[in-house]
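Protein chains in written order, with our numbering: chain A, 80 to 173; chain B, 48 to 393. For each residue, glycine too, the CB sits at the ideal point set by N, CA and C. Quantities reported herein were computed from a predicted structural model and do not represent experimental measurements.
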Amino acid sequence: MLNLTPQTLIQRIDDHIAEAEFENTVVLFHIENGVYYNLNSTATSLWKKLYSPQILIELISFITMQYLCTLEQAQADLISWLHDLNTKGLIQII
Amino acid sequence: MVIIKTKEIMDFEQINIFGINLNILWQNIANAPCGLEVLAKVKLSINQNILCENNKFYLAINQVAHYLLMPEQNICFIERINPSVSTSIVMTWLTSTVFAYLLQYRGYLVLHGSAIKINNQAIIFSGQSGAGKSTLAAAMLTQNTRFLTDDVCAITTDSQGKMMLVAGPPKLKLWGDALIQLNYDAKGLQPVLNKMNKYELPLSIVNPANNTILDKWVINTHGIDRNLSIVPISHFYELKPDLDTTAAKCITITGINKLQILINNTYRYGLLKPLVRLKTHLNGCSALAAQIKIAQIIRPKTKLSNDSLAELIALIQQDLNSSNNYEYHQGKSHAKFNSTNFDSTY
Chain A
80 MLNLTPQTLI QRIDDHIAEA EFENTVVLFH IENGVYYNLN STATSLWKKL YSPQILIELI
140 SFITMQYLCT LEQAQADLIS WLHDLNTKGL IQII
Chain B
48 MVIIKTKEIM DFEQINIFGI NLNILWQNIA NAPCGLEVLA KVKLSINQNI LCENNKFYLA
108 INQVAHYLLM PEQNICFIER INPSVSTSIV MTWLTSTVFA YLLQYRGYLV LHGSAIKINN
168 QAIIFSGQSG AGKSTLAAAM LTQNTRFLTD DVCAITTDSQ GKMMLVAGPP KLKLWGDALI
228 QLNYDAKGLQ PVLNKMNKYE LPLSIVNPAN NTILDKWVIN THGIDRNLSI VPISHFYELK
288 PDLDTTAAKC ITITGINKLQ ILINNTYRYG LLKPLVRLKT HLNGCSALAA QIKIAQIIRP
348 KTKLSNDSLA ELIALIQQDL NSSNNYEYHQ GKSHAKFNST NFDSTY
């Protein structure tokens, strides 16, 4: 499980991931697991932010502004997405 | 001053396949610079037929030959095991598996399929062994089409970033029954060793002194280009024989499924990881998926007859001229696709 606080720094993992853009969305390939992941457009824009380390609270406010939702909604969705990415070995906490 | 004496001291030959020059040395692998080291490693490995590293490739084909490719030096050592096996069979393994490694090493995208040229565009037929790739490619050769490659599609990028198919060796491998359908007699043709009822058909210009089998072969008179062609790719058809299908149909593939189909029809996919070319490969597949139209041809799982071939050709010709219905037929694959979506429905 990820231990997240608002100040947690999150970044994508570079080493075992191949990445390509296809029809404006990102496709990731985990070289070790041999699994491809197709990101939808929202996930693609979040993923591109993770090229450089991001503080969790920054990502939450990005979602809030992008989709005009409440902080709570953004936080809940984002955390579950980050857990998902973490389970798949695509992100790391630095 | 460096004097190259190679030709004087060794049995040396230069070949050009897929536009790549490769020096062939007909020698024992043990005499190669890293030969003993490779053989020792192979002896210790589980799979003693193959050794794939990022700077050398070893392949042992029982009863045929052993190959050691050193891509940096552009040299392939070939040790014949059985003198009664023809050079043509020895070369078949070189131009398929060994060249797949060399092409991937050099950054080419290598897909499994046969291709023909129509209106200066490459059309690829793919699918598993026995799906009908080579037979369909052969049957579609006419006055206006040209043979490009059989089984191995070497794809490169031109200066504008366009994905281009490089023509392969001018020969086709066909099953015995496919030869009969196309009115050729297997007699006198070279069988492909590991598949005894599969034959290699040379597509060279006919020798008038040759037997009538080759005279009948339409490709020999107008099938191949003498010069290497590098042709932009426009279509990719995956042939899928299906037990539940009674009439062949063509299904256009869209979105991410296009990418999945190209990945699943990669030639010698397993070499990519040791070659450290998986990233290059994904980029190549997505660039190609963006450029071309991809469709699946679902056909009844029966032997191709004249009628069923004509039906497939008609389907493809219709598809080449238009678009089609949208539906995706899921099949067995080695590319597991998963989504990691972020729900944004607020």
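Endpoints, the beta strand (DSSP E) within which residue i is located
{"i": "E126(B)", "result": "122-127"}
{"i": "H113(B)", "result": "112-117"}
{"i": "Q171(A)", "result": "170-172"}
{"i": "E285(B)", "result": "277-289"}
{"i": "K296(B)", "result": "296-300"}
{"i": "A107(B)", "result": "104-108"}
{"i": "G98(B)", "result": "What sits at residue 98(B) in the sequence shown is Leu, not Gly. First-last of the beta strand (DSSP E) with L98(B): 97-99."}
Cβ neighbour criterion (16 or more within 10 Å) applied to residue i
{"i": "P321(B)", "result": "exposed"}
{"i": "V199(B)", "result": "buried"}
{"i": "G270(B)", "result": "Residue placement at G270(B) is poorly supported in this model, since its pLDDT is 42, which falls under 50; the coordinates still yield a value, given next. Label assigned to G270(B): buried."}
{"i": "N96(B)", "result": "exposed"}
{"i": "P288(B)", "result": "buried"}
{"i": "K52(B)", "result": "With a pLDDT of only 43 at K52(B), under the threshold of 50, the placement of this residue in the model should not be trusted, and no figure is reported."}
{"i": "A185(B)", "result": "buried"}
{"i": "T189(B)", "result": "exposed"}
{"i": "N311(B)", "result": "buried"}
{"i": "Y152(B)", "result": "buried"}
{"i": "T121(A)", "result": "buried"}
{"i": "M138(B)", "result": "buried"}
{"i": "K348(B)", "result": "exposed"}
{"i": "M210(B)", "result": "buried"}
{"i": "I128(B)", "result": "exposed"}
{"i": "S251(B)", "result": "For S251(B), the predicted structure reports a pLDDT of 40, less than 50, and the residue's modelled location is therefore unreliable. A value from the coordinates is still provided. That one is exposed."}
{"i": "D354(B)", "result": "exposed"}
{"i": "T84(A)", "result": "exposed"}
Identity of the residue in the options nearest residue i by Cα
{"i": "L150(B)", "options": "K103(B), I341(B), A342(B)", "result": "K103(B)"}
{"i": "P130(B)", "options": "A162(B), I97(B), W73(B), A186(B)", "result": "W73(B)"}
{"i": "L356(B)", "options": "I170(B), Q175(B), Q120(B), T182(B)", "result": "T182(B)"}
{"i": "I95(A)", "options": "A337(B), V323(B), I363(B)", "result": "Looking at the sequence shown, residue 95(A) is not Ile but His. Of the listed residues, the one whose Cα sits closest to H95(A) is V323(B)."}
{"i": "P279(B)", "options": "I165(B), T142(B), I345(B), I125(B)", "result": "I165(B)"}
{"i": "F108(A)", "options": "L158(B), I345(B), A334(B), L329(B)", "result": "L329(B)"}
{"i": "K305(B)", "options": "L290(B), E285(B), T293(B)", "result": "E285(B)"}
{"i": "I339(B)", "options": "N78(B), R346(B), A169(B)", "result": "A169(B)"}
{"i": "L69(B)", "options": "K296(B), I202(B), N121(B)", "result": "N121(B)"}
{"i": "L195(B)", "options": "K209(B), G208(B), V132(B), V213(B)", "result": "V213(B)"}
{"i": "Q110(B)", "options": "N63(B), R153(B), L362(B), I136(B)", "result": "I136(B)"}
{"i": "Q307(B)", "options": "Q86(A), Y116(A), E111(A), N103(A)", "result": "Y116(A)"}
{"i": "N368(B)", "options": "H282(B), G302(B), Q207(B), L325(B)", "result": "H282(B)"}
{"i": "T134(B)", "options": "H113(B), G154(B), M117(B)", "result": "H113(B)"}
{"i": "L362(B)", "options": "M187(B), R193(B), G302(B), N191(B)", "result": "M187(B)"}
{"i": "T142(B)", "options": "L359(B), T327(B), Y314(B)", "result": "Y314(B)"}
{"i": "K167(A)", "options": "K127(A), S124(A), L118(A), T87(A)", "result": "L118(A)"}
{"i": "D197(B)", "options": "S206(B), K180(B), Q207(B)", "result": "K180(B)"}
Residue range of the alpha helix (DSSP H) that includes residue i
{"i": "A361(B)", "result": "353-368"}
{"i": "T205(A)", "result": "In the structure displayed, chain A extends from 80 to 173; residue 205(A) sits before or after that span and is not available."}
{"i": "S120(A)", "result": "120-128"}
{"i": "D163(A)", "result": "150-166"}
{"i": "C332(B)", "result": "325-338"}
{"i": "V213(B)", "result": "Careful: V213(B) lies outside any alpha helix (DSSP H), inside the beta strand (DSSP E) at 210-213."}
{"i": "I310(B)", "result": "303-311"}
{"i": "L188(B)", "result": "No alpha helix (DSSP H) holds L188(B); DSSP gives it neither H nor E."}
{"i": "Y152(B)", "result": "146-152"}
Residues that DSSP places opposite residue i in a beta bridge
{"i": "L88(A)", "result": "I134(A)"}
{"i": "N63(B)", "result": "N68(B)"}
{"i": "H109(A)", "result": "I96(A), V114(A)"}
{"i": "K164(B)", "result": "A169(B), R193(B)"}
{"i": "P130(B)", "result": "For P130(B), which the question treats as bridged, DSSP gives no partner whatsoever."}
{"i": "A201(B)", "result": "V157(B), V213(B)"}
{"i": "C81(B)", "result": "According to DSSP, C81(B) bridges with nothing at all."}
{"i": "A342(B)", "result": "Y284(B), T299(B)"}
{"i": "W73(B)", "result": "I125(B)"}
{"i": "P347(B)", "result": "D289(B)"}
Supposed contact pair residue j and residue i - C-beta distance, whole angstroms, cut 8 Å
{"i": "W140(B)", "j": "L106(B)", "result": "7 Å"}
{"i": "I89(A)", "j": "I172(A)", "result": "6 Å"}
{"i": "L158(B)", "j": "S176(B)", "result": "At roughly 14 Å, the Cβ-Cβ gap does not stay under 8 Å, so L158(B) and S176(B) are not in contact."}
{"i": "E126(B)", "j": "I76(B)", "result": "5 Å"}
{"i": "F59(B)", "j": "F146(B)", "result": "That belief does not hold up - the Cβ atoms of F59(B) and F146(B) are roughly 19 Å apart, past 8 Å."}
{"i": "L156(B)", "j": "C297(B)", "result": "Actually they do not touch by this definition, with Cβ atoms about 24 Å apart."}
{"i": "I345(B)", "j": "T299(B)", "result": "About 12 Å; that fails the 8 Å criterion."}
{"i": "I92(A)", "j": "L169(A)", "result": "6 Å"}
{"i": "V105(A)", "j": "E111(A)", "result": "That belief does not hold up - the Cβ atoms of V105(A) and E111(A) are roughly 19 Å apart, past 8 Å."}
{"i": "A342(B)", "j": "F101(A)", "result": "That pair is no contact at about 18 Å."}
{"i": "Y148(B)", "j": "L318(B)", "result": "5 Å"}
{"i": "T143(A)", "j": "L150(A)", "result": "6 Å"}
Review point. Which residues, taken in chain order from the region 294-307 of chain B, show a beta carbon closer than 7 Å to some beta carbon of chain D?
Key: Of the protein chains in this structure, namely A and B, none is chain D.
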